[in-house]
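Down below is the structure, laid out as structure tokens.
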Amino acid sequence: MKLPSPTDWYFNTPLYEDLNLTDLESDKLNYYLSPLQANSLSMDVYCVQCKNQSIFKTLDVSSTSRSPENFSQTRILTTTLTCARDSSHKIYFLFLYHVLYDPLQKKLIKIGQNPSIADLKKYSIEQYKKVLGEEKYREFSRAIGLFSHGVGIGSFVYLRRIFEDLIEESYHKAKANLCLDEIEYRKKRMDEKIQALNQHLPNFLVENRKIYSVLSKGIHQLSEKDCLEHFLTLQASIEIILEEKLADLNKQKKEVAVAEKLAQLHQKLQEQDKQNDS
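Under the numbering used here, the first residue of the sequence shown is numbered 1, with each subsequent residue one higher.
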């Protein structure tokens with residue numbers, strides 16, 4: 001069985017997601033359940049109090065079981081990570097190690113986390129507010145928040161709305177230059193709209209327009225668990241599109257600023273030439 005990395009398990013796994021540990025050997029169970037093993041963890045993540053990346057190490061691991069190495073007992077596990085920059089900055093996790101009726105059936109479930117995944121990831125999406133606007137930025141944050149609380153389909157709904165808004169925004173900016181009647185445009189399927197606007201959309205979006213169909217299928221056909229499993233991939237896809245738009249925006253701002261400086265320099269040199277001529 002392929003185990004998630006410590007970073008993925010602690011920081012990319014939503015609440016109530018379970019990890020089936022049935023087929024794992026004792027040494028691999030230790031990887032998740034033993035205080036001794038857990039105390040060796042060190043992860044580079046965002047600290048919401050430092051407002052910066054930091055190294056977090058395990059400060060404390062405790063168990064409701066008197067015999068932590070006894071894997072036949074259901075128990076609650078608590079893990080506290082502390083920030084290397086400031087030891088008062090902590091992240092708390094609560095896990096349920098659940099032994100089912102069959103002693104060989106074992107699951108580990110994340111049942112609590114503070115700060116939440118949404119809080120920890122919020123910093124990484126703040127930069128996109130410039131291209132999303134306040135309303136869509138809140139929806140993007142909400143998508144991540146729903147994912148962090150184990151709501152897969154709802155998180156897909158907000159990602160799809162953001163995708164649709166990106167297309168709509170591009171249409172309004174480009175429609176004056178399109179040889180396309182608005183009524184005809186509105187009749188088109190999303191794939192056809194993207195093809196019609198391909199010169200006005202981020203390259204990654206055009207080349208990966210299947211993002212929309214995947215999101216739609218997730219909303220209408222996939223289970224909560226399936227949506228949760230694929231959320232991070234879809235989130236990353238949206239972020240790549242936003243990064244491309246952000247790069248274009250920053251380039252435009254830089255061009256305007258440099259053009260103004262060049263105009264001022266040119267005017268200054270012309271004035272100097274006039275003074276020299278006189």
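All C-beta atoms in this analysis are idealised placements derived from N, C-alpha and C, irrespective of residue type, glycine included. Computed from a prediction, not measured in an experiment: that's the story for all the values here.
The beta carbon of residue 209 sits closer than 7 Å to the beta carbons of 191, 194 from its chain, once the five residues preceding and following it are set aside; these are given in chain order. Inclusion of residue 118 and residue 145 in the CB contact set at 7 Å is warranted, their separation being smaller than that value. By the neighbour-count criterion, in which a residue is buried when 16 or more other Cβ atoms sit within 10 angstroms of its Cβ, residue 131 is buried. Here residue 223 carries a coil assignment [DSSP, helix/strand/coil]. In the structure shown, residue 217 falls within a helical segment according to DSSP collapsed to helix, strand and coil. Following the DSSP letters along the chain, one finds residue 97 inside the beta strand (DSSP E) bounded by residues 90-99. In terms of CA proximity to residue 238, 166 leads the group 178, 220, 166, 270. The Cβ atoms of residue 97 and residue 81 do not sit closer than 7 Å to each other. Counting the other CB atoms within 10 Å of its CB gives residue 183 a total below 16, which places it among the exposed residues. Excluding the 5 residues flanking it on each side, residue 123 has same chain C-beta neighbours closer than 6 Å at 46, in chain order. Only residues of its own chain outside the window of five on either side were considered, and among them 80, 114 have a CB closer than 6 Å to the CB of residue 92, listed in chain order. Short of 6 Å from the beta carbon of residue 18, and not among the five residues preceding or following it, lie these beta carbons of its own chain, in chain order: 107, 109. Within 10 angstroms of the beta-carbon of residue 170 lie 16 or more other beta-carbons, which makes it buried.
When the Cα atoms are used, residue 143 and residue 268 turn out to be separated by approximately 52 Å. Each residue's CA atom was taken as its position, placing residue 274 and residue 173 some 44 Å apart. In this structure, DSSP gives residue 141 a helical state, which the three-state scheme calls helix.
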